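Taking numbering that gives the first Met the number 0, the leading residue of the sequence shown gets 0, the next gets one more, and so forth. Just so it is clear, CB atoms sit at the ideal spot from N, CA and C, and this is done for glycine as well. Please read these numbers as outputs of a predicted model, since none were measured by experiment. Data block below; observations after.
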Amino acid sequence: MSLLECLVALALSLILVAPLIKNSGEFIAKKIAHEKSQSLTAEADRAFELIGRAIRMAGYRNIPSSISSAKKHIALSDYIQIQKGSGYRGSDSLMVKHEISQGQDFDCIGNTLSKDRTKHDLAQQGFFLDRQSSIPKGMRVNGGSLVCQSLDRQGRLQNTTLMNGVNFLSFEELTGSAGKAYRVKLEMTDGASIHQEFVRTFATRNLL
């Protein structure tokens, strides 16, 4: 086979194989994007589970403890507080307070709630968005960090990062409902081409 024939055969092979390579590349890119999207969805679901649980607990009063002490009067507005535009990229923050029950309750990082994890007999759970820290130089930042705020065993507030990739967080109190209800919006991102918005609504069980 002459050199010319070899070159022609090679050219024909490239013409036939190029579409296959292109399609394979596109398929792999779509698969990676799908997996990233699924991962962001799973992270959003986890965040909503923790935030929703805290909102439902807001204002909980342990009946025996309420009877045993002719208690401090706490305004309903103190049990659940929203600060608008206080976090990363103008995100909102949420702080929830409640007493602990006779059963087993957990804070937003999985610690079992007990008397020593309270302040003035109230457990506290907060959520806000902060700028990611310790990012290596030159690395793309994929949104902010969702931070959980809870009390340690000395009753001091501690911040724990739950996840990254949260671009925006907002809380909106809904009017016209029987109790207090809140719309929570999360915007998730991979820092590049994927941006997803998730919205859930949660109602308190102990506040009217």
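State the Cα-Cα distance for the pair residue i and residue j, rounded to the nearest angstrom.
i	j	result
K83	G89	8 Å
E171	E98	24 Å
R60	Q103	15 Å
D189	H119	40 Å
Q131	I14	47 Å
Q195	G142	12 Å
S218	T159	Because the chain in this structure spans residues 0 to 207, residue 218 falls outside the shown range and cannot be described.
L161	Q101	27 Å
S169	N163	16 Å
S113	V165	30 Å
L210	K29	Outside the modelled stretch of the chain, which goes from 0 to 207, sits residue 210, for which no answer is possible.
A53	T203	9 Å
Q157	G58	21 Å
V146	G175	30 Å
E186	L173	20 Å
I62	R155	25 Å
P18	T40	33 Å
A46	S144	11 Å
Q148	I31	33 Å
L49	A43	10 Å
Can you tell me whether residue i is helix, strand or coil according to DSSP?
i	result
E171	strand
Y78	helix
Q37	helix
L49	helix
Y59	coil
K184	strand
A43	helix
A191	coil
Take residue i and list the residues in its own chain whose beta-carbon comes closer than 6 Å to its own, dropping the five residues that flank it on each side.
i	result
K96	Y78, L121, Q123
G86	S92, F127, L128
D115	R152
V198	K184
L207	G178
Q80	M94
N205	G58, Y59
Can you list, in chain order, the residues of its chain whose CB lies under 7 Å from that of residue i, leaving out five sequence neighbours each side?
i	result
G51	R199, F201
M56	V95, H97
T117	I99, L150, G154
F105	T111, L112
Should residue i be listed as close to the ligand GTP, given that the test is whether its C-beta is under 7 Å from any heavy atom?
i	result
E172	Ligands displayed in this structure: none; no statement on the ligand GTP is therefore possible.
*Evaluate contact between the stretch 115–125 and the stretch 165–184, counting only Cβ atoms and requiring at least three cross-stretch pairs below 8 Å.*
Under the Cβ criterion (8 Å, minimum of three pairs), the stretch 115–125 does not count as touching the stretch 165–184.
*Should the stretch 31–48 be regarded as contacting the stretch 105–113, the criterion being three or more beta carbon pairs within less than 8 Å?*
no
*Let me know the beta strand (DSSP E) ranges lying completely inside the stretch 89–142, each 3 residues or longer, listed in chain order.*
The stretch 89–142 contains these whole beta strand (DSSP E) runs: 92–97, 122–129.
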